[in-house]
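Novice:
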Amino acid sequence: MTAGLTASVVVLWIAVVVLAVVVVALARQVGVLHERVAPAGALLMAGGARIGEKAPELLLKDIRGQDVRIGGQRNDRRHTLLFFLAPSCPVCKTLLPTLRSARESEADWLDIVLASDGETQEQLHFIEREGLDVFPYVISQSLGVSYRVGKLPYAYLVDDQGMLRTGGLVNSREHLESLFNAKELEVGSVQEYLRREQPSEKHVA
Amino acid sequence: MPELDPLYWHVVRYLVATVFAVACAHKLSSISAFEAVVKDYELLPPTMAPLAARLIILFEISVVTGLASGLWLPWAATLAMLLLALYGAGIGINLARGRRDIDCGCFGPAGGAKKGNTLSGWLLLRNLSLIALTTLLFVSVADRSLTWLDLLTIAAATGAGFAAWSAADQLMANPSRLQRPSP
Numbered sequence: 609m610t611a612g613l614t615a616s617v618v619v620l621w622i623a624v625v626v627l628a629v630v631v632v633a634l635a636r637q638v639g640v641l642h643e644r645v646a647p648a649g650a651l652l653m654a655g656g657a658r659i660g661e662k663a664p665e666l667l668l669k670d671i672r673g674q675d676v677r678i679g680g681q682r683n684d685r686r687h688t689l690l691f692f693l694a695p696s697c698p699v700c701k702t703l704l705p706t707l708r709s710a711r712e713s714e715a716d717w718l719d720i721v722l723a724s725d726g727e728t729q730e731q732l733h734f735i736e737r738e739g740l741d742v743f744p745y746v747i748s749q750s751l752g753v754s755y756r757v758g759k760l761p762y763a764y765l766v767d768d769q770g771m772l773r774t775g776g777l778v779n780s781r782e783h784l785e786s787l788f789n790a791k792e793l794e795v796g797s798v799q800e801y802l803r804r805e806q807p808s809e810k811h812v813a
Numbered sequence: 008m009p010e011l012d013p014l015y016w017h018v019v020r021y022l023v024a025t026v027f028a029v030a031c032a033h034k035l036s037s038i039s040a041f042e043a044v045v046k047d048y049e050l051l052p053p054t055m056a057p058l059a060a061r062l063i064i065l066f067e068i069s070v071v072t073g074l075a076s077g078l079w080l081p082w083a084a085t086l087a088m089l090l091l092a093l094y095g096a097g098i099g100i101n102l103a104r105g106r107r108d109i110d111c112g113c114f115g116p117a118g119g120a121k122k123g124n125t126l127s128g129w130l131l132l133r134n135l136s137l138i139a140l141t142t143l144l145f146v147s148v149a150d151r152s153l154t155w156l157d158l159l160t161i162a163a164a165t166g167a168g169f170a171a172w173s174a175a176d177q178l179m180a181n182p183s184r185l186q187r188p189s190p
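Chains as they are written, first to last, in this note's numbering: chain A, 609 to 813; chain B, 8 to 190.
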């Protein structure tokens with residue numbers, strides 16, 4: 609019995625040490641991946657509204673009939689994230705939790721406006737189903753046309769001066785967050801960032 | 008008062024010694040980097056940083072030799088706790104100042120001479136847990152002779168404990184490795 613217990617303790621210790629080493633190796637691998645991941649960015653599509661220029665200014669009504677002003681100078685120094693989505697777009701749905709958390713985490717400087725077009729009834733169902741009533745929700749074809757949105761989900765960041773700071777096709781949480789990074793770093797798009805970085809590229813192998 | 012089995016005592020002793028030894032070795036391998044870290048904490052006049060850095064390294068060497076040899080063990084354990092409390096205070100003060108982005112200078116297994124961890128509340132928790140662990144060295148220990156199985160347990164538990172420490176260190180350092188585009 610004692611011999612058996614002894615052997616089992618020895619075997620268990622070997623297993624614990626091996627597993628501990630594996631955990632360290634995995635944590636290091638995660639670290640390497642962190643280093644290799646280039647900052648994901650929203651892709652600016654050709655034909656979209658011009659970044660760095662004045663954003664198209666529109667006064668619209670949201671689905672509840674409240675006024676929503678897009679673009680133009682704002683005195684409260686707040687930025688607006690204009691997020692184009694549609695009930696029929698599955699990728700848009702995956703980004704809704706990120707939008708909700710961004711609404712809280714970026715609350716001190718950012719308003720989020722959801723924009724869509726199509727049948728109102730369908731949109732209302734969508735808002736109810738996804739719990740989007742905390743956002744201003746604008747249904748307007750002219751908005752999508754004036755910002756030249758061709759693909760969804762698309763987002764623009766309009767600053768307090770009414771300028772288009774950044775924007776692009778956002779397919780993931782990282783893309784959406786990159787818009788906020790882009791604002792902090794004053795980079796218009798992932799293309800611009802990569803162009804800037806190229807001379808001093810420093811990937812650690 | 009119940010006495011602590013010597014097994015626990017030895018594991019704690021060697022684990023704390025290993026943690027300090029690795030941190031100290033990293034600091035020794037790049038003293039200038041460590042000086043910069045001390046300066047960056049902005050707790051001392053910048054001219055004092057080189058002296059403070061060397062003193063800290065000296066203290067850490069004393070901790071390691073004291074714990075490993077067992078000669079001045081209570082002193083070494085006390086010094087270890089004081090150092091950890093000092094680091095904790097430095098981190099706490101800078102967190103309170105809102106300076107999260109400075110290098111913590113922990114020189115842990117993940118950081119090395121490279122820029123490692125930035126400051127976070129996790130580091131405080133880490134230091135507190137190590138201080139709590141070190142207090143075990145002041146508990147009276149039962150008198151029993153160690154068998155080969157005890158020695159294996161001490162070695163393996165120390166190794167596994169240090170590996171867990173390294174993994175935690177690495178995981179804390181990982182977020183700051185994400186390529187934050189530099190403005």
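All residues carry an ideal CB built from backbone N, CA and C; glycine is no exception.
1) List, in chain order, every chain B residue whose beta-carbon is nearer than 9 Å to that of residue 617 of chain A.
2) What does residue 783 of chain A reach in chain B if we use C-beta pairs closer than 8 Å?
3) State the Cα-Cα distance for the pair residue 105 of chain B and residue 726 of chain A, rounded to the nearest angstrom.
4) In whole angstroms, give me the CA-to-CA distance for residue 78 of chain B and residue 15 of chain B.
5) Note down the Cα distance separating residue 672 of chain A from residue 728 of chain A, rounded to an integer number of angstroms.
6) Checking the sheet assignment: what are the DSSP bridge partners for residue 771 of chain A?
7) Along the chain, where does the beta strand (DSSP E) containing residue 48 of chain B start, and where does it finish?
8) Classify residue 70 of chain B as helix, strand or coil using the three-state DSSP reduction.
9) Short of 7 Å in beta carbon distance, which residues of its chain neighbour residue 714 of chain A, apart from the five on each side in sequence? Order them along the chain.
10) When DSSP labels each residue in this structure, what does residue 701 of chain A get in the three-state scheme?
11) Measuring straight from C-alpha to C-alpha, what distance separates residue 613 of chain A and residue 168 of chain B?
12) Fully enclosed by the region 91-144 of chain B, which alpha helix (DSSP H) runs are 4 residues long or longer?
13) What does a CB cutoff of less than 7 Å around residue 748 of chain A pick up in its chain, not counting 5 residues either side in sequence?
14) Using a Cβ-Cβ distance under 8 Å, would residue 193 of chain B count as near chain A?
15) Once you ignore the five residues that flank residue 675 of chain A on each side, which residues in its own chain have a CB closer than 8 Å to its CB?
16) Just tell me which of A:752, A:639, A:721 and A:754 has its CA closest to the CA of residue 177 of chain B.
17) State yes or no: is the C-beta of residue 84 of chain B within less than 8 Å of the C-beta of residue 141 of chain B?
18) Rounded to the nearest angstrom, what separates residue 687 of chain A and residue 97 of chain B at their Cα positions?
19) For residue 70 of chain B, is the classification buried or exposed, using 16 other Cβ atoms within 10 angstroms of its Cβ as the cut-off for buried?
20) Do we get a CB-CB distance below 8 Å when we pair residue 166 of chain B with the residues of chain A?
21) Spell out the partners DSSP gives residue 780 of chain A in its beta bridges.
22) Restricting to Cα atoms, I'd like to know which of A:768, A:769 and A:734 is closest to residue 701 of chain A.
23) Can you give the Cα-Cα distance for residue 845 of chain A and residue 67 of chain B, rounded to whole angstroms?
Specialist: The short version:
1) 156, 159 and 160
2) Correct list: empty, because the minimum Cβ distance to chain B is about 14 Å.
3) 47 Å
4) 19 Å
5) 11 Å
6) A:662
7) Here residue 48 of chain B belongs to no beta strand (DSSP E), and DSSP marks it neither H nor E.
8) helix
9) 788
10) helix
11) 22 Å
12) 128-142
13) 668, 723 and 725
14) Chain B is shown from 8 up to 190; residue 193 of chain B falls before or after that span and cannot be answered.
15) 667, 668 and 669
16) A:639
17) yes
18) 37 Å
19) buried
20) yes
21) Note: residue 780 of chain A sits in no beta bridge, so no partner.
22) A:734
23) Residue 845 of chain A is absent from the model: chain A starts at 609 and stops at 813.
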